[in-house]
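Numbering (full-length UniProt numbering), first residue to last: 1 to 154. Notes to accompany the following structure.
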């Protein structure tokens, strides 16, 4: 982790993802159209995605349009082996919600949905959260969306 106030390029990229992940309507594109374009670009048109997402579009959309789930994906792309507490700390710092609130929402809502989508694994007993092959694919689609939205904002 970078020292406080020492923002790395990757941290800036993660913040852009979080800032833009929930804004498809802001650029006049319907969510399913945006997702289709992102999938095509990231998976088939020369993107660097090595694992094709096997989840359906609605599942991918549900993962990437949640600020919390997008933050978990960004964290796991950088830290593939984590704990619920470390993920909660990252999400809380990015969303300005209390650590307890984030932890509860992770355990009861977000981690089960991410596991179901194949975006991570989670051991309820040890509280380990780990990236899967799908994590990187979700992350690359989110990064592409953030870059695309940034370009349209300019």
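Cβ atoms here follow ideal geometry from the backbone N, Cα and C, with glycine treated the same way. Being a predicted model, the structure only gives us computed values, none of them experimental.
Would you kindly work out how many angstroms separate the C-alpha atoms of residue i and residue j, rounded to a whole number?
| i | j | result |
| --- | --- | --- |
| residue 96 | residue 111 | 19 Å |
| residue 128 | residue 83 | 4 Å |
| residue 133 | residue 89 | 23 Å |
| residue 100 | residue 145 | 30 Å |
| residue 75 | residue 149 | 21 Å |
| residue 58 | residue 91 | 23 Å |
| residue 69 | residue 63 | 6 Å |
| residue 141 | residue 125 | 31 Å |
| residue 109 | residue 78 | 22 Å |
| residue 105 | residue 56 | 23 Å |
| residue 107 | residue 147 | 30 Å |
| residue 137 | residue 67 | 17 Å |
| residue 119 | residue 86 | 17 Å |
| residue 143 | residue 65 | 13 Å |
| residue 139 | residue 123 | 21 Å |
| residue 113 | residue 121 | 11 Å |
| residue 26 | residue 115 | Residue placement at residue 26 cannot be trusted, given a pLDDT of 37 that sits under 50; what the coordinates show is reported in the next sentence. Cα to Cα, the separation comes out at about 29 Å. |
| residue 61 | residue 73 | 13 Å |
On the DSSP bridge list, what partners appear for residue i?
| i | result |
| --- | --- |
| residue 110 | Answer by DSSP bridge pairing: none, since residue 110 is not bridged. |
| residue 82 | 129 |
| residue 121 | 130 |
State buried or exposed for residue i, treating a residue as buried only when at least 16 other CB atoms are found within 10 Å of its CB.
| i | result |
| --- | --- |
| residue 135 | buried |
| residue 98 | exposed |
Just checking my contact of residue i with residue j at CB under 8 Å: how many whole Å lie between their CB atoms?
| i | j | result |
| --- | --- | --- |
| residue 80 | residue 131 | 4 Å |
| residue 71 | residue 94 | 5 Å |
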